[in-house]
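**Student:** Taking our numbering, the leading residue of the sequence shown gets 0, the next gets one more, and so forth.
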Amino acid sequence: MARRDAIVLGAGIVGTSIALHLAKRGLAVALVDRRAPGEETSYGNAGVIEGNTIFPPAFPSDPSALLRVALKRAPEANYHLSFLPQVAPWLMQFRAASRPQRLIETARLIRPLFAHALAEHEALLAEAGATRFLRKQGWLKLYRSRRAFEALKRELALAQEFGIPHRALDADGARELEPSLAPVFRHAVYWERAASVTNPLAVTQAYAARFCALGGVMMRGDARPLRRVNAHWRLEMPEGP
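1) With C-beta atoms as the reference, is T52 less than 8 Å away from F113?
2) Taking just the CA atoms, how far does R33 sit from S41?
3) Start and end of the beta strand (DSSP E) containing A194?
4) Sorted by chain position, which residues of the same chain lie with C-beta nearer than 6 Å to A222's C-beta, five sequence neighbours on each side aside?
5) Bridge partners for H165 per DSSP, in chain order?
6) Check K140 in the structure and name its three-state DSSP category.
7) How about the stretch 180-191 and the stretch 99-118: do they share at least three Cβ pairs that are nearer than 8 Å?
8) In or out: A193 buried (at least 16 other Cβ within 10 Å) or exposed?
9) Compare the beta carbon distance of V28 and R3 with 8 Å and say whether it is the shorter of the two.
10) Return yes when the Cβ of R209 is within less than 8 Å of the Cβ of L21, no when it is not.
11) Output the boundary residues of the beta strand (DSSP E) element that contains H231.
12) Could you pull the start and end residues of the alpha helix (DSSP H) that R219 belongs to?
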């Protein structure tokens, strides 16, 4: 492979978007993946353009939630027992960073990243000829209990501070938006500006096509041969480095 200004590893929606932005800035970029763009995780994701995120993932504070992780019954986490000693220092830092005040501080720091998510994707979708996949219909989050809803107090206060449009709804208000809801849901929050794409694979492919049109190069390969050579990185490919 010829010398490039940048190598992006992974042609999912994140990697492809990064590669496209770099190509738009005039850099010579190679986008490398074992498969074609979007055919791994991005093929089956929810397609949500998450501009309403306020808090980052946090260390479980509820003992029952921590127990589910320990018993490997939590879908959001998994671990290998033999690896725990190596990650223990990081886990302690993660726990410290998950204290309520630290989470609020982090929320204010990361807000600029999320605030531009929808506008950035709208621009890329238009450039890639893929605006037909965009849906701006909001996001209805549902809660079965008053306790679960009241746990959102800090999040909703920050949403107000950040100017994120949202509506807190009771069961009747939620059913006005979604009449087929089961009666088990007692509370809801409607995030009005949330958006999604109907076909994440097609969007990733459209971004990749635009990347190639700007002179970017798609390569089939693996990250494992990546190595540092002086001040540069070298990736051995089947057709050469």
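Every residue, glycine too, gets a C-beta built ideally from N, C-alpha and C.
**Tutor:** In brief:
1) yes
2) About 14 Å.
3) 194-196
4) L8
5) W190
6) strand
7) no
8) buried
9) yes
10) no
11) 231-233
12) Run containing R219: none in the alpha helix (DSSP H); it sits in the beta strand (DSSP E), 216-219.
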